[in-house]
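Visitor: In the numbering used here, the protein residues as written are -3 to 149. Handing you this structure, nothing more for now.
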């Protein structure tokens, strides 16, 4: 009984970790707060897609993250700027760095700039010591509000 419970718990943990929650963000009118547009009456801007990834990025979930990004871009073909809000990302492994580099290159060929916002210190340290950050075809913003102010037009 205990072994089955542990096995089921481990299976559920792996399943959840491989499919992180990703929210499309919009700005709450009159504030500098950004929330999931599926849950709040939040404004979006034409050509600007803001996605918050609510988990660390690692080999086990990077394909699911890329697939979700592709789905969101397909649903919004006029996107010119994609902002990944990384406020909930505590770590990025080597597989995720390669995936981000590939995403950046793919977006560049489509004419979409990739930006980052709210990157935590340890994650930024990892990005700085990789080939990703120098190749980034967009900008890194301290806050989501700063990204919105620069890109929403």
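Glycine is no exception: its CB is placed at the ideal position from the N, C-alpha and C atoms. Since we're looking at a predicted model, the values are computed, not measured.
Is residue 48 near residue 81, with beta carbons less than 8 Å apart?
Guide: A contact, by the Cβ cut-off of 8 Å.
Visitor: Which residue wins for smallest C-alpha separation from residue 63, given the options 130, 15, 131, 141?
Guide: Measuring from the Cα of residue 63, the nearest candidate turns out to be 15.
Visitor: Classify residue 71 as buried or exposed, calling it buried when 16 or more other Cβ atoms lie within 10 Å of its own Cβ.
Guide: Residue 71 should be labelled exposed.
Visitor: Identify every run of the alpha helix (DSSP H) within the segment 40 to 82, keeping only runs that are complete inside it and at least 4 residues long; order them along the chain.
Guide: Here the runs fully enclosed are 58 to 71.
Visitor: How long is the line joining the alpha carbons of residue 142 and residue 50, rounded to whole angstroms?
Guide: Cα to Cα, residue 142 sits roughly 20 Å from residue 50.
Visitor: Tell me, which residues are paired with residue 111 by DSSP?
Guide: The partner list for residue 111 (beta bridge, DSSP) reads 79.
Visitor: Does the distance from the C-beta atom of residue 128 to that of residue 100 stay below 8 Å?
Guide: Result yes, Cβ atoms of residue 128 and residue 100 sit closer than 8 Å.
Visitor: Drop a sphere of 10 angstroms on the beta-carbon of residue 23, count the other beta-carbons inside from all chains shown, and report buried for 16 or more, exposed for fewer.
Guide: Under this definition residue 23 is a buried residue.
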